[in-house]
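K.L.:
So that we are looking at the same thing, I have put the structure below in structure tokens.
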């Protein structure tokens, strides 16, 4: 099958999944009374005064498919309801919290991927040697660690014991005031990048200090997963005939491992990057909660604790759609790299 | 079909899996003997309710009476952890048991009959798999109203598609085997073929792996509990014990580690429980991975 045909096929298959995702979220919303659901359509706190009017206006007592159609219409126009926690529309709340989470992910993801690939191939190349056993035990402990506990222990040591070395939240109070003052331009909302663009050393340092523990917390658990996958994928690649050929013709062992085996071993690792994305989103909620790091995950947690269902469901919908798109991109990349995937589709 | 003698041989070869088995056995003993290890105070109606010894928010360090100390709100940490072991098993077994039953039912239907039935079941599964699991579980818990039962239901809802998909794959792999065809040939009914011929020959590896996922399930449940969406306050539950510790991470000036016991001890319980299952799971994964072969 030609690559373009494959892309079109995948895009068409996307439609039922996205529809299903919205139906599932809409279904969960139906567990609430019309009064609670009316909050979804509120854009101005004054409307709370006359909730009966809102219910009437948006037909929350009409047949379910009519409601679904209207709800979809609102979603497509970017109206996801009212977030009680931050007293603003859900869409603008999500936009304002997004940069903080993006910053956390931008630092963690490369660490996880590069670290996992490096350690995983090291372990495979030295199978049954010390480094293999050490990384194996490390990885199993790593993914058995409760993220929330790891974060709290790190705080206890690096915030408590080393008095304030790596503090929680995003910035210290003075830096936060400075960042929100007129002297500092918010280009992106990402503290580190804004600090560099403003050529402000102290803010950059402060932002990095606050990022260390959340990054470590997010990285440890996910790195373990990539590491183990890379190891088994590398072991499989090292058992292939072309490795024997490369060794037989006297190629340097480093070249065999780094050039011949690792490239092919990377393919299965690529396919789980979708999973890694989901795991990061899950981890972000817990990490941001522990460190009071005010990003999307923190907001989702606050909404959940305050039983603000429209906000939590909006967040679930948002992360679900992002996850579906991530998986699509991963599959397309996979098909691009490994033509067997496309051939497989054709055989079916 | 796995060879059980070979399996036991491989397990004995792997010291880590032995450690895993020992850890799990210890927790099973703790769960069974909970009323002996941490007897509920006299006149207790619900033993899962952690006894409290006052209402002061400040935690109290370990003492002879309270070996792990008292948490925020003067709940006995030792009691909470011992009875929390029962809660952990309850959540883990209920969730895994339910998803395995759902997985076998839907997975057999999809794998054996194929066609439209397969399409419908698997497309619905895809929708549930389209979310990051913990986020969907969180949304479901909020929608149902926070409680331990909501957590269990939410975890079942987000995990059934995984096992349905695995079991469907298992069934597909043996559907065309000669013995299935012969059974069809002599006129056996669909249910008999599935129950007597297909399932016994295909699903054991998946069942083994599923049962070892108890650790992961308990970890997710603890996370939801920690986020404040699980058991009501005072219910013996590991995630909640850590939630109690959240405001007591850093001690007073001059003694930053004053409240170490509130967070460290409950965390170690969760860590070791999950570790036990994961050690065993890792050994099984190596044994059952056909790509790595019998080496």
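Protein chains in written order, with this note's numbering: chain A, 327 to 674; chain B, 4 to 298.
By construction, the Cβ of each residue, glycine as well, lies at the ideal position given by its N, Cα and C atoms.
What residues of chain A sit near residue 159 (chain B), judged by a beta carbon separation below 7 Å?
P.N.:
The premise fails here: residue 159 (chain B) is roughly 15 Å from chain A at the closest Cβ pair, so nothing lies under 7 Å.
K.L.:
If contacts are defined as beta-carbon pairs under 8 Å, then residue 553 (chain A) and residue 442 (chain A) qualify, I think. What distance do you get, rounded to the angstrom?
P.N.:
The pair is a contact, with the Cβ atoms about 5 Å apart (cut-off 8 Å).
K.L.:
Measuring straight from C-alpha to C-alpha, what distance separates residue 593 (chain A) and residue 644 (chain A)?
P.N.:
Whole-angstrom Cα-Cα distance: 28 Å.
K.L.:
So which residues on chain B does residue 401 (chain A) lean against when the C-beta distance must stay under 8 Å?
P.N.:
Ordered by position in chain B, no residue passes the 8 Å Cβ test against residue 401 (chain A), which lies about 15 Å from the chain.
K.L.:
Please name the residue, chosen from B:80, B:123, B:61 and B:194, that lies closest to residue 302 (chain B) on a Cα-to-Cα basis.
P.N.:
There is no way to answer for residue 302 (chain B), as the model of chain B reaches only from 4 to 298.
K.L.:
From the beta carbon of residue 152 (chain B), is the nearest beta carbon of chain A less than 9 Å away?
P.N.:
Residue 152 (chain B) does not count as touching chain A.
K.L.:
Which parts of the segment 444 to 472 of chain A are runs of the beta strand (DSSP E), unbroken and 3 residues or longer, counting only runs that do not cross its ends?
P.N.:
Here no run is fully enclosed.
K.L.:
Closer than 6 Å by C-beta to residue 607 (chain A): which residues in its own chain qualify, once you throw out the five before and the five after it? Chain order, please.
P.N.:
Taken in chain order, the residues that qualify are 645.
K.L.:
Could you tell me the distance, in whole angstroms, from the CA atom of residue 527 (chain A) to the CA atom of residue 619 (chain A)?
P.N.:
Roughly 21 Å separates the two Cα atoms.
K.L.:
Look at the alpha carbon of residue 672 (chain A) and the alpha carbon of residue 173 (chain B), and state the distance between them as a whole number of angstroms.
P.N.:
Summary for residue 672 (chain A): the model assigns pLDDT 47, below 50, so the residue's position carries little reliability; its value from the coordinates is reported in the next sentence. Each residue's Cα considered, the two are about 23 Å apart.
K.L.:
Leaving aside the five residues before and after residue 14 (chain B) along the sequence, list all residues of the same chain whose C-beta is less than 7 Å from its C-beta, in chain order.
P.N.:
Counting only Cβ-Cβ distances below 7 Å, and skipping sequence neighbours, we find 20 and 286.
K.L.:
Just verifying my parser: in three-state terms, what is the DSSP assignment at residue 516 (chain A)?
P.N.:
Of the three classes helix, strand and coil, the one that applies to residue 516 (chain A) here is coil, per DSSP.
K.L.:
For the segment 387 to 450 of chain A, which segments carrying the alpha helix (DSSP H) assignment without a break, of at least 4 residues, lie completely within its bounds, in sequence order?
P.N.:
Segments of the alpha helix (DSSP H) lying fully in the segment 387 to 450 of chain A: 390 to 402.
K.L.:
Against chain B, does residue 342 (chain A) count as a neighbour if the rule is that its beta carbon must be under 9 Å from one of theirs?
P.N.:
Closer than 9 Å to some Cβ of chain B, the Cβ of residue 342 (chain A) qualifies, so yes.
K.L.:
Please list the partners that residue 163 (chain B) has in chain A, where partner means a Cβ-to-Cβ separation under 9 Å.
P.N.:
Correct list: empty, because the minimum Cβ distance to chain A is about 13 Å.
K.L.:
Across which residues does DSSP place residue 370 (chain A) in a beta bridge pair?
P.N.:
None; residue 370 (chain A) has no bridge partner.
K.L.:
Give a yes or no on whether the C-beta atoms belonging to residue 88 (chain B) and residue 124 (chain B) are separated by under 9 Å.
P.N.:
Going by C-beta atoms, residue 88 (chain B) is not nearer than 9 Å to residue 124 (chain B).
K.L.:
Using a Cβ cut-off of 9 Å (strictly closer), state whether residue 71 (chain B) contacts chain A.
P.N.:
Answer no: the Cβ-Cβ gap between residue 71 (chain B) and chain A never drops below 9 Å.
K.L.:
Would you identify the three-state DSSP class for residue 654 (chain A), choosing helix, strand or coil?
P.N.:
DSSP places residue 654 (chain A) in helix when its eight states are reduced to three.
K.L.:
Which residues in the same chain as residue 674 (chain A) place their Cβ atom closer than 7 Å to its Cβ, once the five residues preceding and following it in sequence are excluded?
P.N.:
With a pLDDT of only 39 at residue 674 (chain A), under the threshold of 50, the placement of this residue in the model should not be trusted, and no figure is reported.
K.L.:
Starting from the Cα of residue 362 (chain A), find the closest Cα among B:213, B:146 and B:39 and give me that residue.
P.N.:
The shortest C-alpha separation from residue 362 (chain A) is found at B:146.
K.L.:
Quick one: measure Cβ to Cβ for residue 734 (chain A) and residue 226 (chain B), integer angstroms, because I've assumed they're closer than 8 Å.
P.N.:
Only positions 327 to 674 of chain A appear in the structure, and residue 734 (chain A) is not among them; the question remains open.
K.L.:
Please say whether residue 478 (chain A) and residue 91 (chain B) have beta carbons closer to each other than 9 Å?
P.N.:
No. Outside cutoff.
K.L.:
Helix, strand or coil, according to DSSP, for residue 661 (chain A) in the structure here?
P.N.:
Residue 661 (chain A): helix per DSSP, three-state reduction.
K.L.:
Can you name the residues of chain B whose CB is closer than 8 Å to the CB of residue 513 (chain A)?
P.N.:
Result: empty, since nearest Cβ-Cβ is about 29 Å, beyond 8 Å.
K.L.:
Under three-state DSSP, which class holds residue 20 (chain B)?
P.N.:
Helix at residue 20 (chain B).
K.L.:
Is the Cβ of residue 674 (chain A) closer than 9 Å to any Cβ of chain B?
P.N.:
Reliability of the predicted coordinates at residue 674 (chain A) is poor, the pLDDT of 39 falling under 50, and no value is obtained from them.
K.L.:
Please classify residue 284 (chain B): is it buried, with 16 or more other beta-carbons within 10 angstroms of its beta-carbon, or exposed?
P.N.:
Result: buried.
K.L.:
Any C-beta of chain D within less than 8 Å: which residues of the segment 127 to 147 of chain B qualify?
P.N.:
Note that chain D does not occur in the displayed structure, where the protein chains are A and B.
K.L.:
Taking residue 425 (chain A) as the reference, which of A:598, A:573, A:623 and A:627 has the closest Cα?
P.N.:
The candidate whose alpha carbon is nearest that of residue 425 (chain A) is A:623.
K.L.:
Suppose you measure from the CA of residue 535 (chain A) to the CA of residue 517 (chain A); what does that come to, to the nearest Å?
P.N.:
Whole-angstrom Cα-Cα distance: 11 Å.
K.L.:
Please classify residue 520 (chain A): is it buried, with 16 or more other beta-carbons within 10 angstroms of its beta-carbon, or exposed?
P.N.:
It is buried - the Cβ of residue 520 (chain A) has at least 16 other Cβ atoms within 10 Å.
K.L.:
Just list the residues that DSSP pairs residue 63 (chain B) with in beta bridges.
P.N.:
Residue 63 (chain B) pairs with B:73.
K.L.:
Hey, how far is the Cα of residue 67 (chain B) from the Cα of residue 53 (chain B)?
P.N.:
When rounded, the distance between both Cα atoms is 18 Å.
K.L.:
Grab the span of the alpha helix (DSSP H) containing residue 221 (chain B) for me, first residue to last.
P.N.:
It spans 217 to 229 - the alpha helix (DSSP H) in which residue 221 (chain B) sits, taken as one unbroken run.
K.L.:
Excluding sequence positions up to five away, which residues of its chain have a Cβ less than 6 Å from the Cβ of residue 491 (chain A)?
P.N.:
484.
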